[in-house]
DNA sequence: TATTGTTATACTCTATAACTATA
DNA sequence: TATAGTTATAGAGTATAACAATA
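Residue numbers (my numbering), protein chains in the order written: chain A, 334 to 473; chain B, 334 to 473.
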């Protein structure tokens with residue numbers, strides 16, 4: 334039976350997100366990482382020394398939820414924390430974290446290419462602009 | 334600070350979905366409905382007498398998770414179940430369910446229009462095809 | 001044998017409130 | 001006063017396994 338909600342962009346957006354997320358998590362399973370882990374590692378790699386709160390703001394993860402998130406990755410030896418003042422801590426990848434991230438990058442690369450590949454070639458340049466517009470609105 | 338993941342379609346897809354979902358749930362809050370409730374009511378309205386399992390297959394909700402989902406809406410008087418054979422039950426909207434859905438439809442309409450509105454006009458015809466392609470791949 | 005509805009359960013993700021120590 | 005990190009907790013949402021009744 335055809336899904337009668339297929340003409341609602343909001344609904345299709347959600348289904349597309351859920352389906353592709355599940356696929357990505359499956360691809361990352363050999364590394365024992367989830368999609369959110371990789372996003373976080375990518376962010377730390379690009380902004381070494383970033384604080385936990387700032388990372389949470391960028392990734393839209395609440396301060397409270399960052400705590401177990403960070404400490405799990407720290408326990409696995411993928412990142413470390415160094416106090417920068419009495420409150421903040423600077424997050425940096427360890428060598429193991431960088432090695433892990435390099436592997437994750439390859440998986441992400443294949444995954445993102447596969448995503449683009451299912452879109453007809455003519456429309457590919459519109460994918461990112463459209464998704465950004467849906468996310469953040471017309472400006473920005 | 335700019336989000337350094339903004340060039341990854343998969344990541345932006347997830348953020349766009351999460352942001353718009355949260356917005357839709359907020360718009361639906363006065364009706365005490367969640368986005369999944371409305372999708373379900375829309376489906377029953379278009380396929381009256383559909384079974385619980387079949388609805389779950391279409392909406393990608395597991396049989397086991399349909400149980401509390403359906404019974405909550407039934408307790409609120411929005412739908413009813415009638416046995417069609419010893420196993421299956423036909424789902425149908427009640428009068429109250431149709432009234433509620435009519436209100437939800439107006440909210441959905443405004444929401445979907447607002448979604449399209451944040452996309453530059455030239456790209457709007459591509460929104461649904463691109464999202465469908467990301468969801469289900471090139472064929473279909 | 002396969003399917004429907006069901007129960008029980010667990011895990012992830014997300015949300016809120018409150019506390020502490022620092023700035 | 002505002003912020004960073006933390007604790008505790010609760011609520012969605014989602015996943016699996018197993019069972020009884022029925023097809």
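Think of the CB as a built atom: it goes at the ideal place given N, C-alpha and C, for glycine as much as any other residue.
If the cut-off is 9 Å on Cβ atoms, which residues from the region 428-451 of chain A count as contacting chain B, listed in chain order?
Those residues of the region 428-451 of chain A that come within reach of chain B (Cβ to Cβ, closer than 9 Å) are 441, 444, 445, 448, 449, 450, 451.
Starting from residue 384 (chain B), follow its DSSP beta bridges and name the residues at the other end.
Partner(s): B:423.
Which residue marks the beginning of the beta strand (DSSP E) containing residue 491 (chain B), and which one marks its end?
This structure cannot settle anything about residue 491 (chain B), because the visible part of chain B is limited to 334 through 473.
Taking its Cβ as the centre, do 16 or more other Cβ atoms sit within 10 Å of residue 442 (chain B), making it buried, or is it exposed?
Exposed is the call here.
Can you name the residues that DSSP bridges to residue 412 (chain A)?
A:426.
Interface residues of chain A around residue 462 (chain B) at Cβ under 9 Å?
Against residue 462 (chain B), the close residues of chain A are 452, 453, 456, in the order they occur along the chain (beta-carbon pairs closer than 9 Å).
Give the straight-line distance between the Cα atoms of residue 415 (chain A) and residue 405 (chain B), rounded to the nearest whole angstrom.
Looking at the backbone, the Cα of residue 415 (chain A) and that of residue 405 (chain B) are separated by about 49 Å.
Assess, as a yes-or-no matter, whether the region 379-386 of chain A is touched by the region 336-350 of chain A under the definition of 3 or more beta carbon pairs within less than 8 Å.
Taking a contact to require three or more Cβ pairs closer than 8 Å, the region 336-350 of chain A and the region 379-386 of chain A do not qualify as touching.
Smallest Cα separation from residue 379 (chain B): which of A:388, A:437, A:338?
Closest by alpha carbon: A:338.
Residues of the region 338-354 of chain B whose Cβ lies closer than 8 Å to any Cβ of chain A, in chain order
Those would be 338, 339, 340, 341, 342, 343, 344, 345, 346, 347, 348, 349, 350, 351, 352, 353, 354, in chain order.
Enumerate in chain order the residues of its own chain whose CB-to-CB distance from residue 397 (chain B) is below 6 Å, with the five nearest sequence positions on each side excluded.
The beta carbon of residue 397 (chain B) is closer than 6 Å to none in its chain, skipping five residues each way along the sequence.
Just how far apart, CA to CA, sit residue 335 (chain A) and residue 455 (chain A)?
Distance between the alpha carbons of residue 335 (chain A) and residue 455 (chain A) is about 26 Å.
How is the alpha helix (DSSP H) around residue 379 (chain B) delimited, first residue to last?
In the DSSP assignment, residue 379 (chain B) falls within the unbroken alpha helix (DSSP H) covering 368-379.
Let me know if residue 433 (chain A) comes out buried or exposed under the rule of 16 or more other beta-carbons within 10 Å of its beta-carbon.
Here residue 433 (chain A) is buried, its C-beta having at least 16 other C-beta atoms within 10 Å.
Could you pull out every residue in the same chain whose Cβ sits closer than 6 Å to the Cβ of residue 458 (chain B), ignoring the five residues on either side in sequence?
Sequence-distant Cβ neighbours of residue 458 (chain B) in its own chain, meaning closer than 6 Å and more than five residues away, do not exist here.
Taking 9 Å as the cut-off, decide whether the C-beta atoms of residue 403 (chain B) and residue 412 (chain B) are in contact.
Yes.
With a threshold of 9 Å between beta-carbons, can residue 391 (chain B) be considered close to chain A, or not?
By this cut-off, residue 391 (chain B) is an interface position.
For residue 366 (chain B) and residue 357 (chain B), I'd like the C-alpha separation in whole angstroms.
Rounded to the nearest angstrom, the two C-alpha atoms are 10 Å apart.
Could you check the C-alpha separation between residue 440 (chain B) and residue 448 (chain B) for me, to the nearest Å?
Between residue 440 (chain B) and residue 448 (chain B), the C-alpha separation is close to 12 Å.
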